[in-house]
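Below you'll find the structure, written out as structure tokens, and then a few comments.
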Amino acid sequence: MARCPISITLKKRELITKPNPLGMDPRVAELFGSGAGLMSAAPMHGPGSVNGLGLLSKKTGSKNGKKAKNRATRNTKSNKNPPYLPPEAEEGNIEYKLKLVNPTQYRFEHLVTQMKWRLQEGRGEAIYQIGVEDNGLLVGLSEDDMRASLKTLRRMAEKVGADITVLREREVDYDSDIPRKISEVLVRKVPDDQQFLDLRVAVLGNVDSGKSTLLGVLTQGELDNGRGRARLNLFRHLHEIQSGRTSSISFEILGFNSKGEVVNYSESRTAEEICESASKMITFIDLAGHHKYLKTTIFGLTSYCPDFAMLVVGANTGIAGTTREHLGLAMALKVPIFIVVSKVDLCSKSTTERTVKQLERILKQPGCNKVPMVVDNADDAVTAAQQFAQSPSVSGENLDLLKVFFNILPPLSNSKEQEELMQQLTEFQVDEIYTVPDVGTVVGGTLYSGICREGEQLVVGPTDDGKFLGLKVCSIQRNRSACRVLRARQAATLALGNFDRSLLRKGMVMVSPEMKPTICWMFEAEIVLLFHAKTFRKGFQVTVHVGNVRQTAIVEYLHGKDELRTGEKAVVRFKFIKHPEYLKVGAKLLFREGVTKGIGHVTNLHPVLINQNHSLEE
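Heads up, the sequence shown is in the numbering used here, so the first residue is 7 and it goes up one at a time.
Below is the structure:
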């Protein structure tokens with residue numbers, strides 16, 4: 007029977023290296039190595055194999071181990087009831103309230119306005135700490151005052167169309183004979199016209215680590231039968247069902263309503279019903295684990311702009327195959343990552359402990375520089391999720407705690423950044439192209455900026471000869487249900503009617519006619535060569551990934567150098583070999599060819615001029 011997941015929370019530490027112009031420790035190259043992704047892992051998938059996920063309790067056999075355990079115990083005790091929280095910030099979605107007992111009508115209206123502001127800052131979510139002063143002092147309230155304060159908070163939430171959920175309560179030591187408590191409360195808006203909070207989580211891990219089965223259990227609400235039944239709904243092709251291995255990118259959704267309850271496909275719900283009742287949506291991007299599908303996995307990470315990455319590691323195989331490489335890719339692209347160890351019920355306790363120690367070693371090495379944190383109760387899951395945006399990653403005890411973590415997981419951007427993006431001109435990245443009977447040509451992708459509405463006139467390109475062609479958005483679907491308005495950072499599919507599919511390809515953009523898109527054959531980028539067997543020089547061909555763009559490019563010129571070796575930096579000029587592309591200065595870049603890998607960012611473009619008819623000017 008499938009049990010429970012453990013994941014490991016990574017707490018970010020200050021890097022002690024010199025500032026890197028690319029914003030990344032070059033030693034992340036250690037994660038890639040010459041054999042990265044090429045090691046073979048024993049499949050160990052048999053009739054008794056289940057994606058069981060379980061909690062670890064570590065033994066410390068040595069004196070040093072006992073000392074470490076005692077230190078950890080002392081730290082836990084000292085941190086259990088800290089006398090202070092950080093002072094309340096004016097911005098953000100966290101509000102401190104000492105008490106909310108019988109406020110006057112004027113005071114109540116002021117509190118409601120304040121709640122609207124906090125909800126806006128958290129894009130529909132806010133955290134209230136009751137019994138805490140503005141400076142962070144944990145004063146606490148008596149039981150009667152706490153009950154009255156929560157009643158007032160519930161009235162405030164009803165006024166703004168939200169629900170409240172008490173995340174946790176704890177007693178505090180304060181100068182009083184009466185027991186005093188503080189409460190942490192989640193306030194979440196009831197969804198209005200599909201305006202739920204949407205977070206995208208990319209699912210990474212080696213082949214046979216149990217990624218698809220874990221997603222099947224989370225989204226379908228039923229445990230696996232030990233033979234892969236849970237993952238069948240995620241597969242898109244017959245060969246995936248036959249082999250049990252993902253080769254394409256698929257999407258699954260897990261919703262939470264305004265009260266924090268799970269909304270998934272259990273009870274025969276449809277995707278549309280999930281969207282209607284969910285206030286928060288987690289969209290899982292299931293990526294391929296096998297090394298021969300690495301280009302698909304990289305495309306999913308660069309193109310779909312995931313907010314977080316979940317790395318699934320099988321307890322029976324440990325860090326094998328592409329695990330190390332996937333971890334390195336997520337870190338290179340600066341995607342916050344957390345780890346889930348699966349298949350714990352397939353192995354002995356010692357095997358599972360060995361896998362976790364292996365993970366701890368790799369996470370603490372200079373290239374990663376993370377401090378693992380284990381979560382073994384709901385209180386820890388709430389703390390880990392709240393701090394995740396500032397200090398990337400997490401660890402859990404069972405499926406319920408993993409759901410608690412996803413429920414509290416905060417968005418990485420605030421409302422101000424979202425508003426600024428929405429005020430820009432429309433830019434939609436084309437990631438998938440379909441032909442649907444009775445609908446016509448359909449494109450899937452992410453709206454990078456602006457707002458897109460049904461019936462809107464846009465231009466799409468660049469084509470092979472650099473043109474931008476006019477088209478009309480006939481209808482929009484988001485999470486498999488109809489939607490009239492699409493906002494920045496939201497993923498959707500757009501129906502284009504009878505527009506000729508052969509004129510479209512992945513990597514194109516659909517933009518407002520007013521925009522003057524910059525397309526180029528050549529561009530310059532500041533790069534770090536993570537690994538190369540020999541030397542990297544002029545004339546070398548690599549596959550370049552920039553956002554949704556994936557194309558072979560030739561190294562035209564290395565500024566100030568004749569060649570590059572592993573770990574070295576340089577500004578390099580690349581030239582696309584097939585057709586011009588739409589790029590932006592500052593965009594993250596990743597390139598590969600065989601075992602050669604490198605990362606960087608675009609620093610300069612050599613634009614191709616476009617005339618008023620949106621065609622290429624020779």
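Just so it is clear, CB atoms sit at the ideal spot from N, CA and C, and this is done for glycine as well.
Buried or exposed (CB count within 10 angstroms, at least 16 for buried), Gly266: Residue numbering aside, residue 266 sits at position 260 when the sequence shown is read from its first letter. By the neighbour-count rule (16 or more Cβ atoms within 10 Å), Gly266 is buried.
CB-CB under 8 angstroms to Val196, same chain, minus the five flanking residues each way: which ones, in chain order? Your numbering for residue 196 matches position 190 in the sequence shown. Here the set comprises Gly167, Ala168, Asp169, Ser264, Ser285.
Can you name the residues that DSSP bridges to Phe344? Counting from 1 along the sequence shown, the entry for residue 344 is found at position 338. In the DSSP output, where bridge partners are listed per residue, Phe344 has Met316.
Apart from the five residues on each side of it in sequence, which residues of its chain come closer than 8 angstroms, Cβ to Cβ, to Phe202? The count along the sequence shown starts at 1 and reaches residue 202 at position 196. If we look at Phe202 and ignore the five residues flanking it on each side, its Cβ neighbours are Gly130, Gly261, Cys281, Ala284, Ser285, Lys286, Met287.
Integer-rounded CB distance, given that Tyr90 should sit under 8 angstroms from Gly142: Here residue 142 is taken as the residue at index 136 of the sequence shown, counted from 1. Here residue 90 is taken as the residue at index 84 of the sequence shown, counted from 1. The Cβ separation is near 5 angstroms, so the contact holds.
To the nearest angstrom, how far is the alpha carbon of Leu317 from that of Ser481? The count along the sequence shown starts at 1 and reaches residue 317 at position 311. The count along the sequence shown starts at 1 and reaches residue 481 at position 475. Roughly 35 angstroms between the two C-alpha positions.
Which listed residue (Ile133, Arg153, Asp151) has its alpha carbon closest to that of Ala95: Taking the sequence shown and counting its residues from 1, the one referred to as residue 95 is at position 89. Comparing Cα-Cα distances from Ala95 to each of Ile133, Arg153, Asp151, the minimum goes to Ile133.
What's the gap between the Cα of Lys590 and the Cα of Asn485? Counting from 1 along the sequence shown, the entry for residue 590 is found at position 584. Counting from 1 along the sequence shown, the entry for residue 485 is found at position 479. Whole-angstrom Cα-Cα distance: 28 angstroms.
So what does DSSP say about Val350, is it helix, strand or coil? Translated into positions along the sequence shown, residue 350 becomes position 344. Helix, per DSSP.
Could you have a look at Glu574 and say whether DSSP puts it in helix, strand or coil? Residue numbering aside, residue 574 sits at position 568 when the sequence shown is read from its first letter. Note: Glu574 maps to coil in three-state DSSP.
Which first and last residues belong to the alpha helix (DSSP H) in which Gly306 is found? As a working note, residue 306 is residue 300 in the sequence shown. Taken as a continuous stretch (DSSP letters only), the alpha helix (DSSP H) holding Gly306 covers 300-309.
Where do the ends of the alpha helix (DSSP H) carrying Ile412 lie? One-based indexing of the sequence shown puts residue 412 at position 406. Looking at the sequence shown, residue 412 is not Ile but Phe. Looking at the DSSP string, the run of the alpha helix (DSSP H) that includes Phe412 is 405-414.
Measure the C-alpha to C-alpha separation of Ala47 and Asp214 and round it to an integer number of angstroms. Position 41 of the sequence shown holds residue 47. Position 208 of the sequence shown holds residue 214. Because the pLDDT of Ala47 is 31, which lies under 50, any placement of that residue in the model is unreliable, and the number read from its coordinates should be weighed accordingly. Going by the C-alpha atoms only, they are around 9 angstroms apart.
Output the boundary residues of the beta strand (DSSP E) element that contains Lys522. Numbered from its first residue, the sequence shown carries residue 522 at position 516. No beta strand (DSSP E) holds Lys522; DSSP gives it neither H nor E.
May I ask you to verify whether the region 511-518 touches the region 553-570, counting CB pairs closer than 8 angstroms and requiring at least 3? yes
Run through the DSSP bridge pairs and tell me what Arg124 is partnered with. The sequence position of residue 124 within the sequence shown is 118, counting from 1. In DSSP, Arg124 forms no bridge with anything.
Have a look at Lys473 and Arg507 and give me their C-alpha separation to the nearest angstrom. Counting from 1 along the sequence shown, the entry for residue 473 is found at position 467. Counting from 1 along the sequence shown, the entry for residue 507 is found at position 501. Each residue's Cα considered, the two are about 15 angstroms apart.
DSSP on Glu569, reduced to helix/strand/coil? Here residue 569 refers to the residue found at position 563 when the sequence shown is read from its first residue. The answer is strand: DSSP assigns Glu569 an E or B state.
Identify whether Gln111 lies in helix, strand or coil by the three-state DSSP scheme. Counting from one through the sequence shown, the residue named residue 111 turns up at place 105. DSSP places Gln111 in helix when its eight states are reduced to three.
Taking 8 angstroms as the cut-off, decide whether the C-beta atoms of Ile457 and Thr432 are in contact. Within the sequence shown, numbered from 1, the residue matching residue 457 stands at position 451. Within the sequence shown, numbered from 1, the residue matching residue 432 stands at position 426. Taking C-beta atoms as the reference points, Ile457 and Thr432 count as a pair closer than 8 angstroms.
Whole-angstrom distance between Thr303 and Val346, CA atom to CA atom: The residue labelled residue 346 in the question sits at position 340 within the sequence shown. The residue labelled residue 303 in the question sits at position 297 within the sequence shown. Roughly 18 angstroms separates the two Cα atoms.
Collapsed DSSP secondary structure at Thr609 in the structure displayed: Residue numbering aside, residue 609 sits at position 603 when the sequence shown is read from its first letter. When DSSP states are grouped into helix, strand and coil, Thr609 belongs to the strand group.
Touch test, the region 217-226 against the region 182-194, Cβ-Cβ under 8 angstroms, three pairs minimum: no
Could you pull the start and end residues of the beta strand (DSSP E) that Leu564 belongs to? The residue you call residue 564 lines up with position 558 of the sequence shown. Where Leu564 is concerned, the enclosing beta strand (DSSP E) stretches over 555-564.
Residues near Thr609 by beta carbon distance below 7 angstroms, same chain, minus five either side: Residue 609 sits at position 603 when you count from the first residue of the sequence shown. So the list reads Glu530, Ala531, Glu532, Val577, Val591, once near-sequence residues are dropped.
CA-to-CA distance, Ala488 to Phe582, given in whole angstroms: By 1-based counting over the sequence shown, the position of residue 582 is 576. By 1-based counting over the sequence shown, the position of residue 488 is 482. So the two alpha carbons sit approximately 38 angstroms from each other.
If you measure between the beta carbons of Leu453 and Leu475, is that distance less than 8 angstroms? The sequence position of residue 453 within the sequence shown is 447, counting from 1. The sequence position of residue 475 within the sequence shown is 469, counting from 1. Cβ atoms of Leu453 and Leu475: not closer than 8 angstroms.
Please list, in chain order, all residues of the same chain as Leu492 whose beta carbon is under 6 angstroms from its beta carbon, the five residues on each side excluded. For the purposes of this step, residue 492 is taken as the residue at position 486 of the sequence shown. The answer, listed in chain order, is Leu453, Cys458, Ile482, Ala498.
Between which residues of its own chain and Gly98 is the CB-CB distance below 6 angstroms, once the five residues before and five after are set aside? Your numbering for residue 98 matches position 92 in the sequence shown. Excluding residues within five positions, the ones whose Cβ falls inside 6 angstroms are Glu127.
Out of Ala539, Thr276, Ile560, Thr541, state which residue places its alpha-carbon closest to the alpha-carbon of Gln547. Within the sequence shown, numbered from 1, the residue matching residue 547 stands at position 541. When each option's Cα is compared against that of Gln547, the closest is Ile560.
Take Glu460 as the anchor and find which of Leu502, Asp470, Gly446 has the nearest alpha-carbon. Working through the sequence shown from its first residue, we reach residue 460 at position 454. Among Leu502, Asp470, Gly446, the Cα nearest to that of Glu460 is on Leu502.
Stretch pair the region 407-415 + the region 384-391: three plus CB contacts closer than 8 angstroms: Contact between the region 407-415 and the region 384-391 is present: three or more C-beta pairs spanning the two stretches fall below 8 angstroms.
Tell me which residues share the same chain as Gly604 and place their Cβ nearer than 7 angstroms to its Cβ, disregarding the 5 neighbours each side in the sequence. Taking the first residue of the sequence shown as position 1, residue 604 is located at position 598. Excluding residues within five positions, the ones whose Cβ falls inside 7 angstroms are Ile533, Val534, Leu535, Leu536, Phe597.
Where does Ala488 sit, in a helix, a strand or coil, going by DSSP? Sequence index remark: in the sequence shown, residue 488 carries index 482 (1-based). Ala488 falls in the strand class under three-state DSSP.
In whole angstroms, what is the alpha-carbon distance linking Tyr102 and Val207? Sequence index remark: in the sequence shown, residue 102 carries index 96 (1-based). Sequence index remark: in the sequence shown, residue 207 carries index 201 (1-based). Computed Cα separation, rounded: 30 angstroms.
Tell me the rounded alpha-carbon separation between Leu125 and Val193. Taking the sequence shown and counting its residues from 1, the one referred to as residue 125 is at position 119. Taking the sequence shown and counting its residues from 1, the one referred to as residue 193 is at position 187. About 8 angstroms.
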